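S.K.:
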């Protein structure tokens, strides 16, 4: 297999050469590379939205998701690759938001690539100290009598938020509900 012509940069040339050497040495195959690229293309916030929408319409799935979120993800075809996952439910009393204060740990399989602001030092530092102000910057104003909980993702534990189901959605299908769910809602910086 020929290396793709991606760029003339030294880094791209080195990456292509390394890939070819590893394929030649049998560490992995060209097919393995294509499989991984295809897998990366499937990582999207639509996966997390599908989990939440299912939980909104299926009480048994909701209970399973709250008991073992990674196993519940796997039943829908989303593999967290052994990384523990906890889904946190927003309620009338509690609003949850996630951050990774050390780097940018994030459930990519369920939320897709992390947004630039999630990785920024400003977000990582400020959401822990003053979450209400940060949420307001996203247009999310949490009532003073509602507790805000910040959850710190790590390399050993990932979080995803189950937003509250919007009012007036009782007649919507699971697919229609999933279309209402945003990445920012799954992170907790937005309400639906």
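Residue numbers (this note's numbering): -1 to 190. For glycine and all other residues, C-beta sits at the position ideal for the given N, C-alpha and C. The model shown is predicted, which means the values in this text are computed figures rather than measured ones.
Tell me the DSSP secondary structure of residue 156 in three-state form.
M.R.: The answer is strand: DSSP assigns residue 156 an E or B state.
S.K.: Within the chosen definition, does the region 80 to 91 reach the region 47 to 66 through at least 3 CB pairs nearer than 8 Å?
M.R.: Segments in contact, yes.
S.K.: So is residue 141 buried or exposed if we call it buried at 16+ other beta carbons inside 10 Å?
M.R.: It counts as exposed.
S.K.: Kindly indicate which three-state DSSP category residue 126 falls into: helix, strand or coil?
M.R.: In this structure, residue 126 counts as helix in the three-state DSSP scheme.
S.K.: For residue 161 versus residue 135, is the C-beta distance shorter than 9 Å?
M.R.: Going by C-beta atoms, residue 161 is not nearer than 9 Å to residue 135.
S.K.: Do residue 179 and residue 94 have their C-beta atoms within less than 9 Å of each other?
M.R.: It is not a contact, given that the beta carbons lie outside the stated cut-off.
S.K.: Would you mind giving the Cβ-Cβ distance between residue 107 and residue 78, rounded to the nearest angstrom? I have them listed as a contact below 8 Å.
M.R.: Yes, they are in contact, since the Cβ atoms of residue 107 and residue 78 sit about 6 Å apart, within 8 Å.
S.K.: Using three-state DSSP, classify residue 147 as helix, strand or coil.
M.R.: Correct three-state label for residue 147: strand.
S.K.: Restricting to Cα atoms, I'd like to know which of 100, 15, 20 and 55 is closest to residue 176.
M.R.: Among 100, 15, 20 and 55, the Cα nearest to that of residue 176 is on 55.
S.K.: So residue 97 packs on residue 148, CB below 8 Å; how close in whole Å?
M.R.: So it is a contact: roughly 6 Å between Cβ atoms.
S.K.: Can you name, in chain order, every residue of its own chain whose Cβ lies under 8 Å from the Cβ of residue 124, other than the five neighbours on each side?
M.R.: So the qualifying residues of the chain are 131 and 132.
S.K.: Using the three-state DSSP reduction, which class does residue 106 fall into: helix, strand or coil?
M.R.: Helix.
S.K.: Residues bridged to residue 94 by DSSP?
M.R.: BP columns for residue 94 point to 147.
S.K.: Drop a sphere of 10 angstroms on the beta-carbon of residue 103, count the other beta-carbons inside from all chains shown, and report buried for 16 or more, exposed for fewer.
M.R.: Buried, since its Cβ has 16 or more Cβ neighbours within 10 Å.
S.K.: How would you label residue 144, buried or exposed, when you count the other beta carbons within 10 angstroms and need 16 or more for buried?
M.R.: Exposed, by the Cβ-count rule.
S.K.: Bridge partners for residue 84 per DSSP, in chain order?
M.R.: In DSSP, residue 84 forms a bridge with 157.
S.K.: On the three-state DSSP scale, how would you describe residue 52?
M.R.: Residue 52: helix per DSSP, three-state reduction.
S.K.: Within a Cβ cutoff of 6 Å, which residues of the same chain sit near residue 42, ignoring the five residues on either side of it in sequence?
M.R.: Hits under 6 Å: 110.
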